[in-house]
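See structure below.
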Amino acid sequence: MILLIDNYDSFVYNLARYVTELGEESTVVRNDALTTADVVRLSPSHIIISPGPCTPAQAGVSVEVIRRLANRIPILGVCLGHQCIGAAYGMRIVRAKQPRHGKTSAISHGGVGLFAGLPNPFTASRYHSLVVDPASVPDDVEVTATAEDGEIMALRHRIDPVWGIQFHPESILTDFGYYLLSRFLWPERPVEALPAKADWGWNTIVGAARS
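Residue numbers (my numbering): 225 to 435.
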């Protein structure tokens with residue numbers, strides 16, 4: 225079961241639908257309706273921390289879950305969830321150079337982790353006013369993607385199974401959303417073994433891997 229922690233944002237249900245369409249069971253719980261102990265009792269295989277309209281300090285149990293469970297359960301943070309990962313590992317959350325709401329950007333990446341096999345760059349949709357301050361990223365965290373304006377678009381912890389993405393993989397304006405979630409759910413599977421989906425470019429990636 226995939227647990228989605230809902231930071232009072234409608235995008236969480238798009239994420240839940242993507243997870244279901246990829247063949248996994250999902251459970252959505254509000255960030256103030258459970259404790260870390262409840263999360264442990266639910267025994268999810270993975271945790272997704274959703275976007276939301278607030279700051280990490282206002283995101284209920286989200287930051288605590290990352291701090292206490294990151295070394296035990298794979299965690300993906302999306303938008304606010306990404307910022308919660310930053311806060312959990314001691315990074316500063318600051319105002320973006322320019323707010324981005326419903327805007328697309330070219331996402332450049334190093335082809336590692338969630339981004340293995342993706343074109344570079346690719347297009348993704350952004351809805352945020354806050355970002356992780358790059359000057360505060362510690363040595364045990366790697367920046368894995370940036371936007372053309374230089375803002376951090378993705379992070380991963382070098383030891384814990386934790387990934388954060390500032391953009392929205394579940395948006396119709398983002399290319400390869402299903403692929404990114406598949407890489408989180410099944411990081412050890414070869415690309416050609418991932419379940420095929422019809423979102424733009426998926427067949428191109430899988431076809432290239434198989435050929």
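Ideal Cβ placement from N, Cα and C applies to all residues, glycine included.
Residue of the options minimising C-alpha distance to residue i
i, options, result
"tyrosine 351", "Ile226, Ser234 and Ile229", "Ser234"
"glutamate 366", "Ile383, Pro343 and Leu246", "Ile383"
"arginine 296", "Phe408, His392, Glu245 and Ser267", "Ser267"
"histidine 333", "Ser406, Glu375 and Val264", "Glu375"
"phenylalanine 391", "Ile331, His381 and Cys308", "Ile331"
"aspartate 364", "Cys278, Glu412, Gly284 and Ala312", "Ala312"
"histidine 381", "His270, Thr368 and Ser269", "Thr368"
"isoleucine 250", "Tyr232, His270, Leu258 and Asn231", "One detail in the question is off: residue 250 reads as serine in this sequence, not isoleucine. Checking every option, the nearest Cα to that of serine 250 belongs to His270."
"glycine 335", "Thr328, Ser329 and Pro345", "Pro345"
"alanine 340", "Leu246, Gly284 and Arg407", "Arg407"
"phenylalanine 400", "Leu338, Thr279 and Val361", "Leu338"
"threonine 279", "Ala257, Ile272 and Cys303", "Cys303"
"isoleucine 272", "Ile396, Thr244 and Ile229", "Ile229"
"glycine 301", "Pro414, Arg413 and Glu394", "Glu394"
"proline 277", "Val236, Pro411 and Leu258", "Val236"
"leucine 293", "Pro362, Glu412, Gly305 and Pro385", "Pro385"
Opposing strand residues paired with residue i [DSSP bridges]
i, result
"valine 356", "Ile317"
"valine 228", "Looking at the sequence provided, one finds leucine at residue 228 rather than valine. The partner list for leucine 228 (beta bridge, DSSP) reads Val252 and Ile272."
"isoleucine 299", "Ile271 and Val386"
"histidine 325", "Tyr351"
"serine 332", "Thr370"
"phenylalanine 346", "Ile331"
Residue range of the alpha helix (DSSP H) that includes residue i
i, result
"histidine 392", "That residue, histidine 392, is in no alpha helix (DSSP H); it is neither H nor E in DSSP."
"phenylalanine 235", "235 to 245"
"glycine 401", "401 to 409"
"arginine 291", "286 to 293"
"isoleucine 282", "Residue identity differs from the one stated: residue 282 is glutamine in this sequence, not isoleucine. First-last for glutamine 282: undefined, no H or E at that position."
"leucine 304", "304 to 312"
"alanine 257", "Unbroken run through alanine 257: none, as it is neither H nor E."
Endpoints, beta strand (DSSP E) assigned at residue i
i, result
"glutamine 378", "Correcting the residue identity first, residue 378 is alanine in this sequence and not glutamine. First-last of the beta strand (DSSP E) with alanine 378: 376 to 381."
"glutamate 366", "365 to 371"
Check: residue i C-beta below 6 angstroms from any heavy atom of the ligand SAH
i, result
"valine 263", "With respect to the ligand SAH, the structure offers nothing, as it holds no ligand at all."
Counting pairs of Cβ atoms below 8 angstroms between the stretch 252 to 267 and the stretch 340 to 360, do you hit three or more?
The answer is no - the stretch 340 to 360 does not touch the stretch 252 to 267, with fewer than three Cβ pairs under 8 angstroms.
Touching or not, the stretch 319 to 327 and the stretch 339 to 350, by the rule of three or more beta carbon pairs under 8 angstroms?
Touching, per the Cβ criterion.
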